[in-house]
Ligand SMILES: Nc1ncnc2c1ncn2[C@@H]1O[C@H](COP(=O)(O)OP(=O)(O)OP(=O)(O)O)[C@@H](O)[C@H]1O
Ligand SMILES: Nc1ncnc2c1ncn2[C@@H]1O[C@H](COP(=O)(O)OP(=O)(O)OP(=O)(O)O)[C@@H](O)[C@H]1O
Ligand code: SF4
Ligand code: SF4
Ligand SMILES: [Mg+2]
Ligand SMILES: [Mg+2]
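Residue numbers (our numbering), protein chains in the order written: chain A, 1 to 333; chain B, 1 to 316.
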């Protein structure tokens with residue numbers, strides 16, 4: 001069985017830097033895969049590369065983006081344009097910058113459905129109202145004529161989602177879709193995305209830095225650090241037995257609503273230093289911050305090793321995987 | 001006597017000939033050595049409240065007492081003294097640091113404004129402040145853009161502490177930071193509090209952070225405090241339907257794909273609903289709620305709740 005999206009060995013380069021290296025990732029139909037990691041670790045670039053929406057001087061240096069049997073990294077511009085919005089859609093963190101301020105939300109939705117589905121003006125308008133209703137915007141007949149600035153942040157994000165799902169895409173890429181929103185509104189938006197995933201049996205690639213969101217809404221999780229995938233696991237496995245020291249550090253550093261810790265009792269476990277220390281590291285990029293680092297860690301980038309099906313980690317110290325298994329893993333770096 | 005005492009404070013902005021009631025009758029205290037957490041949705045008035053406390057926005061009614069003294073009429077020397085004792089740490093460390101000033105200039109600035117110390121003493125104090133927040137003295141000659149987000153927040157804290165304040169208002173101090181850096185900054189704030197005997201008003205929209213960091217919690221909704229209590233009370237026995245919904249909304253490991261507890265958005269402060277301001281979104285609202293505005297009433301040790309139907313154990 002082949003995955004809906006199958007990214008293999010993706011590297012993204014700027015003239016003087018390679019901020020994403022050798023990232024592989026799959027998403028099945030109806031599955032939610034979360035991509036988490038430190039700010040600047042390459043999550044957004046990875047997402048943008050899937051639809052070749054990279055910033056001007058960036059390019060896909062190597063790798064394949066297989067979707068429906070085709071490599072999107074090598075598809076012609078015209079065919080790619082058909083894929084965008086119709087088969088694969090994207091939602092970003094800041095809906096205000098992604099929406100056109102001088103067009104009503106109805107016109108913006110209608111534009112997309114007319115482009116991809118060739119609907120008439122009237123039919124497109126009716127479809128826009130339908131979509132606003134689908135994303136649970138109250139009074140859609142009235143809202144359809146409003147402009148982005150007349151809507152709250154949560155409503156704007158729903159409009160973006162309406163545009164994204166207008167053509168029933170098979171894959172939705174959501175880059176921090178709720179980071180700018182309150183928890184109450186975040187809950188509504190995640191609930192909505194998940195209902196659409198189920199109803200349309202859409203694959204969902206969810207980029208987030210919120211581990212709670214991952215725990216509650218993701219099926220599988222990929223963790224990135226300094227441009228590389230360092231761990232991958234089913235969500236419950238990741239939370240129960242995180243392997244990579246970065247993942248372990250993240251979980252230990254997060255205050256939890258249900259946990260017993262309080263500042264009067266003791267400090268939080270922190271990860272020392274910052275991701276800036278990864279620059280120029282020859283070996284494991286996490287070594288300058290890692291409590292388990294040893295000399296060997298600084299010599300070569302550790303391989304991403306398969307420990308069990310769907311379970312990968314790039315730290316030989318914590319996995320201590322049998323040599324034979326390490327040899328079968330895809331070479332990295 | 002509490003260090004800070006806020007009494008029925010009102011403040012707002014004139015928008016299009018209309019009054020927007022950003023802070024709408026808020027009362028609370030902060031004791032010496034205490035961290036009071038302030039939570040609530042975006043736009044509920046948290047930063048506006050902080051600005052009134054810092055005397056950046058004038059209140060339309062109510063009082064702010066610092067050490068028993070009303071701060072509204074302060075001028076000249078006494079105002080300067082208040083400004084020295086109440087400092088602020090902001091969310092965006094980059095926007096709050098002048099990019100053209102070196103770290104040394106940024107840290108010495110407040111000392112110069114307040115005419116404190118000699119040249120040499122100010123330089124010495126800047127170095128010491130930097131080391132206190134975990135940055136090397138060598139950083140004194142560098143510029144803000146040369147630092148990471150977490151390091152910049154350390155600079156923001158060093159600047160706030162250089163005047164030896166007694167109260168520090170932290171407005172979303174860790175919201176812009178990576179999780180791995182959040183813990184560093186929370187630990188630093190905690191350490192500074194213990195070492196310097198500080199009191200904090202700690203504003204955050206992140207309930208998990210407030211649960212970890214606050215001694216007492218204020219829950220704000222549309223310009224009002226709707227519930228208050230110790231962190232143990234608020235997080236183990238939330239009474240207000242809004243507080244409960246806020247907690248219910250936090251995604252939590254161990255629970256899968258649960259439905260959103262609240263529908264709709266925070267209404268505009270230009271158009272505060274009559275009666276209980278939460279009633280359009282409240283699952284427990286009754287006709288009484290649309291007519292009568294509930295006031296904070298005691299519900300246990302120090303807990304107070306403004307809801308007609310919350311179980312308080314006290315008659316109302
Ligand atoms: N024009 C550029 N030239 C060189 N490097 C760049 C450029 N734009 C981005 N980068 C680098 O690419 C890296 C990855 O950026 P990306 O936006 O993908 O991170 P991210 O994981 O999405 O972070 P965040 O959580 O902050 O959104 C960053 O470290 C950044 O420095
Ligand atoms: N300078 C201003 N002029 C007019 N209205 C303002 C001004 N500053 C804030 N407001 C309004 O006052 C209300 C309270 O805003 P405030 O910034 O205090 O909220 P907040 O709780 O700090 O929100 P956030 O969590 O987004 O920081 C909002 O309705 C906001 O739009
Ligand atoms: S390889 Fe070494 S430095 Fe990297 S995470 Fe593992 S123990 Fe730490
Ligand atoms: S007073 Fe009524 S509307 Fe307000 S919170 Fe209580 S039950 Fe809900
Ligand atoms: Mg990003
Ligand atoms: Mg604010």
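Just so you know, even glycine gets a beta-carbon here, dropped at the ideal spot from N, CA and C.
Closest by C-alpha distance to residue 16 of chain B, out of B:290, B:270, B:152, B:306, is B:270.
For residue 158 of chain B and residue 170 of chain B, the gap between their C-alpha atoms comes out near 13 Å. Among the residues of chain B, those whose CB is under 9 Å from the CB of residue 267 of chain A are 183, 186, 187, 190, 191, following chain order.
In this structure residue 309 of chain A is exposed. Its beta-carbon is surrounded by fewer than 16 other beta-carbon atoms within 10 angstroms. Between residue 41 of chain B and chain A, the shortest Cβ-Cβ separation is below 8 Å. Around the Cβ of residue 1 of chain B, a 10 Å sphere holds fewer than 16 other Cβ atoms; the residue is exposed. For residue 202 of chain B, there is no enclosing alpha helix (DSSP H); the enclosing beta strand (DSSP E) covers residues 199 to 203. Counting every other CB atom within 10 Å of its CB across the protein chains shown gives residue 35 of chain A a total of 16 or more, marking it as buried. For the beta strand (DSSP E) assignment, the uninterrupted runs of no fewer than 3 residues enclosed by the segment 255 to 312 of chain A are, from N- to C-terminal side, 305 to 308. Approximately 5 Å separates the beta-carbon atoms of residue 275 of chain B and residue 289 of chain B; this is inside 8 Å, confirming the contact. Sequence-ordered contacts of the segment 256 to 280 of chain B with chain A read 256, 257, 258, 259, 260, 261, 262, 263, 264, 265, 266 [C-beta pairs closer than 8 Å]. At the C-beta level, residue 49 of chain A and residue 25 of chain A stay beyond 8 Å of one another. Within chain B, the residues whose beta carbon sits less than 8 Å from that of residue 188 of chain A are 260, 262, 263, listed in sequence order. For residue 19 of chain B, the uninterrupted beta strand (DSSP E) segment begins and ends at 18 to 30. Using a Cβ distance threshold of 8 Å, residue 212 of chain B and residue 15 of chain A do not count as a contacting pair.
With a threshold of 8 Å between beta carbons, residue 211 of chain B makes contact with chain A. Taking the Cβ of residue 22 of chain A as the reference point, every heavy atom of ligand 6 lies at 7 Å or farther away.
Nearest to residue 184 of chain A by C-alpha distance, out of B:223, B:174, B:264, is B:264. Residue 284 of chain B has its alpha-carbon roughly 31 Å from the corresponding atom of residue 162 of chain A. Remark: the C-beta of residue 274 of chain B is outside contact range of ligand 4, defined as less than 7 Å to any heavy atom. Residues whose Cβ lies closer than 5 Å to any heavy atom of ligand 1, listed in chain order: A:14, A:17, A:19, A:39, A:40, A:41, A:42, A:43, A:44, A:45.
Relative to the non-hydrogen atoms of ligand 5, the Cβ of residue 178 of chain B never comes closer than 7 Å to any of them. Note on geometry: alpha-carbon atoms of residue 139 of chain A and residue 35 of chain B lie some 43 Å from one another.
Checking the 7 Å criterion, the Cβ of residue 176 of chain A is within range of a heavy atom belonging to ligand 5.
Taking a Cβ-Cβ threshold of 7 Å, the residues of chain A close to residue 247 of chain B are 257, in chain order.
Unbroken alpha helix (DSSP H) runs of no fewer than 4 residues, entirely contained in the segment 197 to 245 of chain B, are found at 207 to 213, 231 to 236, following chain order. A straight-line Cα-Cα distance of about 46 Å links residue 290 of chain A and residue 78 of chain A. Per DSSP, residue 219 of chain A lies in no beta strand (DSSP E) segment and is marked neither H nor E. Of all residues in the segment 123 to 151 of chain B, those with a C-beta nearer than 8 Å to a C-beta of chain A are 148, 149, 150, 151, reading in chain order.
Distances taken from the Cβ of residue 170 of chain B to the heavy atoms of ligand 2 include none shorter than 7 Å.
Interface criterion met: the Cβ of residue 250 of chain B is under 8 Å from a Cβ in chain A. For residue 111 of chain A, there is no enclosing beta strand (DSSP E); the enclosing alpha helix (DSSP H) covers residues 105 to 117. Around the beta carbon of residue 274 of chain A, a 10 Å sphere encloses 16 or more other beta carbons of the protein chains shown; the residue is thus reported as buried.
Distance check between residue 185 of chain B and each of A:253, A:58, A:259 places A:253 closest, using alpha-carbon atoms only. Taking 8 Å as the CB threshold, residue 47 of chain B stays off the interface with chain A. Secondary structure of residue 178 of chain B (DSSP, three-state): coil.
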